[in-house]
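Going down the list, the protein sequences come from chains A and B. The numbering used here puts the first residue of the first sequence at 162, with every later residue one more than the last. The numbering used here puts the first residue of the second sequence at 162, with every later residue one more than the last. We put the beta carbon where it would ideally sit given N, CA and C, even for glycine. Source: prediction; values computed, not measured. Encoded as structure tokens, the structure appears first; notes follow it.
There are 2 protein chains.
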Amino acid sequence: MRADARRNRDRIVEIARALFKEKGFAGVSMDEVAKAAGVGAGTLYRHFPTKEALYDAVLEAWTDKVKAAVDRALGLDASARDKLVSWFGDYVDLLNGHKGAAARITLALGDPASPFAAKCTRYLGANQRVIDELGPALRPGVDAMEISRLVGAVAAVADGSGLGPDEVASMLGVVADGLVAA
Amino acid sequence: MRADARRNRDRIVEIARALFKEKGFAGVSMDEVAKAAGVGAGTLYRHFPTKEALYDAVLEAWTDKVKAAVDRALGLDASARDKLVSWFGDYVDLLNGHKGAAARITLALGDPASPFAAKCTRYLGANQRVIDELGPALRPGVDAMEISRLVGAVAAVADGSGLGPDEVASMLGVVADGLVAA
DNA sequence: ACCTGAACACCGTTCAAGT
DNA sequence: ACCTGAACACCGTTCAAGT
């Protein structure tokens, strides 16, 4: 990759991140990103084949934060239920302020062709670790996909309806209780 | 309303229902509806100010079905948990085959200006009835809005990801267990 | 009153032409 | 190789002109 192309790519991601953060996925047009980054539309699409692929690049840091959140929660001196609530809450917070991200990632969970496929794998892996560690405390038969979808569903509604921390915590409490129930 | 206008309105809703059912909300354009109904775009918009308002009219029967489903579930000779699962399952089924409806109604739950506001009121009312009847069996402090959002969130993910009945039932079981947990 | 359909505004994406 | 920006295809919505 040529140095000027690399510079363009980096600037695009940086500027797009600020715009998406401010206005959400649907509130930013590709033309707007191109203009703000000082490149032509073609250059934007040369680096990112779709708007969702650009969004995926913008959410890059997300992956590391997911891992850190599970580690922290599993290390807590607390009940399985409270560990779940802590991790779920951190996950929803991670998506907080990225309007449109939660629904997109959640709906991509079963789709290997999605631009978010790598993120989905990480997220599923995180919930698999939870299952491996909390094993017997959880309801039998529950799998990582189901937990990922349940928490992702709550995150998507919280995002779309602009719910406050208390409302989110309460919904996640219900899900966590349901997951530890026999 | 003039007779010809009434006829036009009815035909539009009928044809739109078939198209939305077949292709989902996003898969049908307003031009397509107008053409299929044999009217100009202006006529379509005279009867329905937005695409969502048209969708709301298409989902008219929904309201009665919601009431019937709660009645049936509450009349069951079963535990509170199983009544919840029955009603939630019926609700998700109601939206099944209307791609895009679940997410729209769920996100409209807090918004009185939404075209779906009347449906939201009915849905919230249905869950309020559930709370009134099952009262002490449910977790303290839970309200109709929270239940509506939780079940709506599951419905939206089920719709968006094309989940099967078993996957949906399992997720609803988690939510129901969480709602009856102390 | 009600209808028509061309037109507007916007947006994701492509591509011929340039350097 | 990489870039530009006009152009394409599509879509929700509006509005001047008709009956």
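TODO: Return the chain-ordered list of same chain residues with a C-beta closer than 7 Å to the C-beta of residue 187 of chain B, the five sequence neighbours on each side being excluded.
DONE: Answer for residue 187 of chain B: 261, listed in chain order.
- [ ] Tell me the start and end of each unbroken alpha helix (DSSP H) in the region 164-212 of chain A that is at least 4 residues and wholly inside, in chain order.
- [x] For the region 164-212 of chain A, the continuous alpha helix (DSSP H) assignments of 4+ residues that do not extend past its boundaries occur at 164-184, 191-198, 202-208, in sequence order.
Task: 8 Å Cβ cutoff, residue 307 of chain B in contact with chain A - done: Yes, because at least one Cβ of chain A sits closer than 8 Å to the Cβ of residue 307 of chain B.
Open item on the list: For residue 346 of chain A, count the other beta carbons within 10 Å of its own beta carbon; 16 or more makes it buried, fewer makes it exposed. Which is it?
Closed with: Missing from the structure shown is residue 346 of chain A; chain A here goes from 162 to 343 and no further.
Task: Test item: CB-CB of residue 233 of chain B and residue 208 of chain B under 8 Å - done: No; because the gap between Cβ atoms is not below 8 Å, this pair is not in contact.
Task: Closest Cα partner of residue 166 of chain B within the set B:200, B:183, B:196 - done: Measuring from the Cα of residue 166 of chain B, the nearest candidate turns out to be B:200.
Task: Residues within the region 252-277 of chain B neighbouring chain A, beta-carbon criterion of under 7 Å - done: If the cut-off is 7 Å between Cβ atoms, the region 252-277 of chain B has 267, 268, 270, 271 near chain A.
Task: Selected residue, minimal CA-CA separation from residue 361 of chain B, among B:288, B:315, B:316 - done: There is no way to answer for residue 361 of chain B, as the model of chain B reaches only from 162 to 343.
Open item on the list: To the nearest angstrom, how far is the alpha carbon of residue 214 of chain A from that of residue 326 of chain A?
Closed with: Rounded to the nearest angstrom, the two C-alpha atoms are 29 Å apart.
Open item on the list: Given this structure, state the Cα-to-Cα distance separating residue 341 of chain A from residue 247 of chain A, to the nearest angstrom.
Closed with: Residue 341 of chain A and residue 247 of chain A have their C-alpha atoms spaced approximately 14 Å apart.
Task: Spatial distance of residue 271 of chain A from residue 227 of chain A (CA atoms) - done: One C-alpha to the other measures close to 19 Å.
- [ ] With 8 Å as the threshold, decide whether the Cβ of residue 340 of chain B is near any Cβ in chain A.
- [x] Chain A places a beta carbon closer than 8 Å to that of residue 340 of chain B, counting this residue as a contact.
Open item on the list: If I measure Cβ to Cβ from residue 338 of chain B and keep anything under 7 Å in the same chain, skipping five residues before and after, which residues do I get?
Closed with: The residues are 242.
Open item on the list: In whole angstroms, give me the CA-to-CA distance for residue 172 of chain B and residue 281 of chain B.
Closed with: If you take the alpha carbons of residue 172 of chain B and residue 281 of chain B, they lie about 26 Å apart.
Task: Contacts of residue 347 of chain B in chain A (Cβ-Cβ under 7 Å) - done: One cannot answer for residue 347 of chain B here, as it falls past the ends of chain B, which runs 162 to 343.
- [ ] Go through its chain and collect everything with a Cβ distance to residue 174 of chain A's Cβ below 7 Å, but skip five positions before and after it.
- [x] Cβ within range, chain order: 218, 219.
Open item on the list: For residue 192 of chain A, count the other beta carbons within 10 Å of its own beta carbon; 16 or more makes it buried, fewer makes it exposed. Which is it?
Closed with: Exposed: under 16 other Cβ atoms inside 10 Å.
Task: With 16 other Cβ atoms within 10 Å as the buried cut-off, status of residue 301 of chain A - done: Result: exposed.
Open item on the list: Taking the beta carbon of residue 276 of chain B as the centre, do at least 16 other beta carbons fall within 10 Å, making it buried, or is it exposed?
Closed with: Result: buried.
TODO: To the nearest angstrom, report how far apart residue 189 of chain B and residue 258 of chain B are at their CA atoms.
DONE: Straight-line Cα distance between these residues: approximately 14 Å.
Open item on the list: I'd like to check one pair, residue 329 of chain A with residue 253 of chain A: are the Cβ atoms closer than 8 Å?
Closed with: A contact, by the Cβ cut-off of 8 Å.
TODO: Mark residue 211 of chain A as exposed unless 16 or more other C-beta atoms lie within 10 angstroms of its C-beta, in which case mark it buried.
DONE: Answer is exposed; the Cβ neighbour count stays below 16.
TODO: With 7 Å as the C-beta to C-beta threshold (strictly closer), list the residues of the region 178-190 of chain A near chain B in chain order.
DONE: Within the region 178-190 of chain A, no residue has a Cβ that lies closer than 7 Å to any Cβ of chain B.
Open item on the list: Tell me the DSSP secondary structure of residue 344 of chain B in three-state form.
Closed with: Not covered by the structure: residue 344 of chain B. The range shown for chain B is 162 to 343.
Task: Cross-chain neighbours of residue 163 of chain B in chain A, by beta carbon under 9 Å - done: Here the premise fails: no neighbours, minimum Cβ distance about 39 Å.
Open item on the list: Please list, in chain order, the chain B residues whose beta carbon lies closer than 7 Å to that of residue 237 of chain A.
Closed with: Ordered by position in chain B, no residue passes the 7 Å Cβ test against residue 237 of chain A, which lies about 20 Å from the chain.
- [ ] Decide if residue 240 of chain B is buried, meaning its Cβ has at least 16 other Cβ atoms within 10 Å, or exposed.
- [x] That one is exposed.
- [ ] Just mark residue 307 of chain A as buried or exposed, buried being the case when its beta carbon has 16 or more other beta carbons within 10 Å.
- [x] Residue 307 of chain A should be labelled buried.
Open item on the list: Applying the 10 Å Cβ sphere with the 16-neighbour rule, what's the burial state of residue 244 of chain A?
Closed with: Residue 244 of chain A comes out buried.
- [ ] Please work out which residues of its chain come closer than 8 Å, Cβ to Cβ, to residue 178 of chain A, disregarding the five sequence neighbours upstream and downstream, and give them in chain order.
- [x] Apart from sequence neighbours up to five positions away, the residues of its chain that approach residue 178 of chain A with a beta-carbon distance below 8 Å are 219, ordered along the chain.
- [ ] Quick one: which unbroken alpha helix (DSSP H) runs of 4-plus residues sit fully inside the region 231-290 of chain A? Chain order, please.
- [x] Runs of the alpha helix (DSSP H) inside the region 231-290 of chain A: 241-256, 262-268.
Open item on the list: Tell me the residue span of the alpha helix (DSSP H) that contains residue 326 of chain B.
Closed with: Counting along the chain, the alpha helix (DSSP H) containing residue 326 of chain B begins and ends at 326-341.
Open item on the list: In this structure, how does DSSP classify residue 306 of chain A when only helix, strand and coil are distinguished?
Closed with: If DSSP states are grouped into helix, strand and coil, residue 306 of chain A belongs with the helices.
Task: Distance between residue 176 of chain B and residue 183 of chain B (C-alpha atoms, nearest Å) - done: Rounded to whole angstroms, residue 183 of chain B to residue 176 of chain B spans 11 Å at the Cα level.
- [ ] Can you pull the chain B residues whose beta carbon is under 8 Å from the beta carbon of residue 220 of chain A, in chain order?
- [x] Identification of chain B residues near residue 220 of chain A by a Cβ-Cβ cut-off of 8 Å yields none; the smallest Cβ-Cβ distance measures about 19 Å.
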